[in-house]
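Residue numbering for the sequence shown follows the UniProt record's numbering, starting at 1 and increasing by one per position.
The beta carbon of each residue, even a glycine, is placed where N, CA and C say it ideally should be.
Read through the structure below, which is laid out as structure tokens, and then see the notes.
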Amino acid sequence: MLAATTEVDYPYFPFRISIDFVLVHNAGESHSKGKYREFFEKAVQKEGLVIRHQQSGQTHFTLISTPFHRLSREAESSQMCFPLKDCQVKPGMPSCCIPLSQIFVTDDTVRFINAPFQRKNGSLFVNYHDEKSFFTPAQRGFLTYQILTKIDISKDLRHSQLGDSQDVTNEPSTSSITSDEQLRRKGLTWLLMRDVYEEAFVLHAPSKEEPYFKEMQNGSLKTYNEFIAEIELDPRKSLGNAWERISSSPLDWNHCKVVNFRGETENVACGMRNGLTLFYSMVTQWFMSSFDTKMNAFFAVFMSIWGSVFVQVWKRNNSVLSYQWNSDDFHAIEPDRPEFRGTTMKEDPITGEDIWISPALFRYLKMFGSFFFVSFSMLIVILSLMLVTLLKIWMVYNFQCNEEYTFHCWLSAAFLPSVLNTLSAMGLGAIYSNLVARFNAWENHRTESEHNNSLIVKIFAFQMVNTYTSLFYVAFVRPESHGLQPNGLFGLGEAFKDTCVDDTCSSLLALQLLTHTLIKPVPKFLKDVVIPYFVKIFRLRMYTSRTEAARVEAEENDQANVLVREWLKPSAGDFVLWEMNEKIIMFGTTMMFASLFPLSPLLALIIGFVDMRIDAHRLLWFNRKPIPLITNGIGIWLPILTFLQYCAVFTNAFIVAFTSGFCSTFFADGEYCTVQNRLIIVIVFQNLVFGLKYLLSSVIPSVPASIKVALRKKRYVVSHIMEKGDVPHKTRIKKRTRIAKLAWITSNQRVQRGKKKTNKKRLLAEE
Numbered sequence: 001m002l003a004a005t006t007e008v009d010y011p012y013f014p015f016r017i018s019i020d021f022v023l024v025h026n027a028g029e030s031h032s033k034g035k036y037r038e039f040f041e042k043a044v045q046k047e048g049l050v051i052r053h054q055q056s057g058q059t060h061f062t063l064i065s066t067p068f069h070r071l072s073r074e075a076e077s078s079q080m081c082f083p084l085k086d087c088q089v090k091p092g093m094p095s096c097c098i099p100l101s102q103i104f105v106t107d108d109t110v111r112f113i114n115a116p117f118q119r120k121n122g123s124l125f126v127n128y129h130d131e132k133s134f135f136t137p138a139q140r141g142f143l144t145y146q147i148l149t150k151i152d153i154s155k156d157l158r159h160s161q162l163g164d165s166q167d168v169t170n171e172p173s174t175s176s177i178t179s180d181e182q183l184r185r186k187g188l189t190w191l192l193m194r195d196v197y198e199e200a201f202v203l204h205a206p207s208k209e210e211p212y213f214k215e216m217q218n219g220s221l222k223t224y225n226e227f228i229a230e231i232e233l234d235p236r237k238s239l240g241n242a243w244e245r246i247s248s249s250p251l252d253w254n255h256c257k258v259v260n261f262r263g264e265t266e267n268v269a270c271g272m273r274n275g276l277t278l279f280y281s282m283v284t285q286w287f288m289s290s291f292d293t294k295m296n297a298f299f300a301v302f303m304s305i306w307g308s309v310f311v312q313v314w315k316r317n318n319s320v321l322s323y324q325w326n327s328d329d330f331h332a333i334e335p336d337r338p339e340f341r342g343t344t345m346k347e348d349p350i351t352g353e354d355i356w357i358s359p360a361l362f363r364y365l366k367m368f369g370s371f372f373f374v375s376f377s378m379l380i381v382i383l384s385l386m387l388v389t390l391l392k393i394w395m396v397y398n399f400q401c402n403e404e405y406t407f408h409c410w411l412s413a414a415f416l417p418s419v420l421n422t423l424s425a426m427g428l429g430a431i432y433s434n435l436v437a438r439f440n441a442w443e444n445h446r447t448e449s450e451h452n453n454s455l456i457v458k459i460f461a462f463q464m465v466n467t468y469t470s471l472f473y474v475a476f477v478r479p480e481s482h483g484l485q486p487n488g489l490f491g492l493g494e495a496f497k498d499t500c501v502d503d504t505c506s507s508l509l510a511l512q513l514l515t516h517t518l519i520k521p522v523p524k525f526l527k528d529v530v531i532p533y534f535v536k537i538f539r540l541r542m543y544t545s546r547t548e549a550a551r552v553e554a555e556e557n558d559q560a561n562v563l564v565r566e567w568l569k570p571s572a573g574d575f576v577l578w579e580m581n582e583k584i585i586m587f588g589t590t591m592m593f594a595s596l597f598p599l600s601p602l603l604a605l606i607i608g609f610v611d612m613r614i615d616a617h618r619l620l621w622f623n624r625k626p627i628p629l630i631t632n633g634i635g636i637w638l639p640i641l642t643f644l645q646y647c648a649v650f651t652n653a654f655i656v657a658f659t660s661g662f663c664s665t666f667f668a669d670g671e672y673c674t675v676q677n678r679l680i681i682v683i684v685f686q687n688l689v690f691g692l693k694y695l696l697s698s699v700i701p702s703v704p705a706s707i708k709v710a711l712r713k714k715r716y717v718v719s720h721i722m723e724k725g726d727v728p729h730k731t732r733i734k735k736r737t738r739i740a741k742l743a744w745i746t747s748n749q750r751v752q753r754g755k756k757k758t759n760k761k762r763l764l765a766e767e
């Protein structure tokens, strides 16, 4: 058993081979699934991988380890890059803005050269002779996953069905699984889809900060010291310290209490009531006009330009990180998704084999159906906004807020609609997320990247409308000066007008933005932390629901077993998808509407810091370790960032011209604030901002100079290695020049000695 002893310490076997991949299944399943696992594990062993089995109760763990020579072969076939020994690049310092670059920009200097791995020239790479440290745990997990996904047992299943048909027909599920789609690849993803294996995951690196080790330290210090002595490196602790380096403490907010906080009626003197009403009206008027200042236009220009700088700096960091992480030239060959259903056979132009394809006409029809569903969902979002608006107008009319603006009016006209819009957006977003995943699977994409890109576009399109509709409504539909409600909403009459007077629309938009910023992270926290925590407790209770006699002993053994501890952790799921979507939506919100609420970037920064700490704890300690994958960028999210960047320019231009009071401030006479003049402000604003954006984009290159030098030197070094099998590093050049200098000096000394001898002979001859 992989228990808490020094002989089989976490995460190694007794013979010190690391566990690179873990598959989980129930020991009491049908015979047919056991046959599929048998075929798959035989194929895994044929690939040169080592398999060991571990059982804890009814849960069976299949432990897969990949030897160094097999990892090297897979790394060579995948063209993974590794740093070369004694082959560095001199870092170049920027010519200007050095302090600013050191504060706000990550180090974009590259001090080494990496090259595609070759086994015959393995001695040229750093740490090649150290089998434990050459491949990182993430690289081992990625290469092992690559090997497992390439395995195909479809031929074995067909031969088994023909040669052992009697045994196969006894299981009703076998014929349905092995008979359909004979040319379809059946590998690890197919087995996971068919529940042959319940789960697949990789193990975290051992860490002293693991909760189990902390409990051991409190219990038995001797056993704890024996464990800690075996842990030489602690990458999770180092990463956690670097990730959570920004220390923060809870903020102490001064909550303001208001009279009639719970809606209770109290007997207050008329003079006191009138004084409170007057005071509240003055505070309300000051609050409503405080967000629209003369600096809003300049801040809008700054935010629009900052978005361009941010995207350009990210491109630089992306090029640096992709080179430093050896993923700049990596292109993985993706297998077909197990859910892919082909309807027509066609010869592959590359391999010449017959493959299943889905005709383009069917794909376009399904894409049109998904487009209709997404558009219909967007209309529902707009309809929900209109319903909330009508409810607000009814409450304003019922409380007679047009005559006297009280706390009830503020609650019904400003605060409650903002909360309802936010809750409606979150509810519709949760329903849409479940439905859009089914529609995206219905589109029948061949590869995982196509599937994910299509899902990202659908989720972002809906979330953009779901988040920004209420903000655009307040910014452009509600202002009375725009004249979009001449006879009320939907022509219902003057009583159903939803307008805001001058200098108050900005404050209402700021309140709506503040509500979005503060309330929307709450369900994400519940989804990411609270619900998985209770799921983990529930799984632990279900797993340990045995007889009372064996339960105590089993719990101790299970806590010592690293496999059980890691398996009981909840999966991170589509962590990157939802985290990127949340950050992109927050980026767009800040870019588009921060000009009317300057505190929005600060709130987004605080929320980002808190979310970063939560995500660090989730990935390092709470969730299972995600299966490592290699990528050279953020993919389709970069075009989405660029799209939001351009949308922000137009939005800020219209906010400055139509929503804020910039026009009345710019023109001394308010009569000049016509629609034509406001459009002129929009044109001047966007042309000015676009000109500055393009200027900054040309000044800030997407690829740093050190990366360009490293790539040029990389091509030279790789061609030299392919030709001569050696690295042309400077040390050898120095040795050769030193030897040449010594030879030149010795030759000169010999010449001088020869001249002296000839001179002596001449003198002797003359004498």
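First through last residue of the alpha helix (DSSP H) which encompasses residue i
i, result
"H720", "705 to 724"
"I459", "448 to 472"
"D615", "600 to 617"
"W621", "No alpha helix (DSSP H) holds W621; DSSP gives it neither H nor E."
"C505", "505 to 519"
"R355", "It should be pointed out that residue 355 corresponds to Ile in this sequence rather than to Arg. Run containing I355: none in the alpha helix (DSSP H); it sits in the beta strand (DSSP E), 354 to 357."
Closest by C-alpha distance to residue i, when choosing among the options
i, options, result
"L71", "Q55, K85, G122", "G122"
"D329", "S697, N632, S702", "N632"
"T144", "K132, F654, S65, K85", "S65"
"N127", "V474, K155, P83", "P83"
"I721", "T62, N114, N453", "N114"
"E662", "R52, L644, K315, V682", "What sits at residue 662 in the sequence shown is Phe, not Glu. Closest option to F662, Cα to Cα, is V682."
"A297", "Q686, I700, K724, L411", "Q686"
"V320", "F21, S719, A705", "A705"
8 Å Cβ cutoff met for residue i and residue j
i, j, result
"S600", "F609", "no"
"T515", "T422", "yes"
"T665", "S506", "no"
"D354", "M345", "yes"
"E566", "L192", "no"
"A604", "T517", "yes"
"R158", "D20", "no"
"A242", "Y397", "no"
"I147", "E47", "yes"
Span of the beta strand (DSSP E), counted from its first residue to its last, around residue i
i, result
"I655", "Note, I655: premise wrong, no beta strand (DSSP E); not H, not E."
"I51", "50 to 56"
"I634", "Counting along the chain, I634 falls outside any beta strand (DSSP E), and DSSP gives it neither H nor E."
"I64", "59 to 65"
"L23", "21 to 26"
"R345", "Before going further, note that residue 345 is Met rather than Arg in the sequence given. First-last of the beta strand (DSSP E) with M345: 344 to 347."
Buried or exposed (CB count within 10 angstroms, at least 16 for buried), residue i
i, result
"A430", "exposed"
"L361", "exposed"
"R119", "exposed"
"Q55", "exposed"
"Q79", "exposed"
"N623", "buried"
"H53", "exposed"
"residue 768", "Only positions 1 to 767 of the chain appear in this structure, which leaves residue 768 out of reach."
"W190", "buried"
"N267", "With a pLDDT of only 38 at N267, under 50, the local geometry of the prediction cannot be trusted, and the value read off the model is given with reservation. It counts as exposed."
Other residues of its chain near residue i: CB distance less than 7 Å, five sequence neighbours each side excluded
i, result
"A300", "S595, N652, I655, V656"
"D234", "S207, K208"
"L692", "I305"
"I382", "T469"
"K315", "S702"
"P626", "A572, F575"
Sequence-distant residues of the same chain with beta carbon closer than 8 Å to residue i, five excluded per side
i, result
"A648", "M303, S304, G307, G588, M591, M592"
"A138", "P628"
"I17", "V50, S65, P67"
"N440", "S370, H451, S454, L455, K458"
"L391", "P417, L420"
Close-in-space but distant-in-sequence residues of the same chain around residue i (CB under 6 Å, 5 per side omitted)
i, result
"E29", "none"
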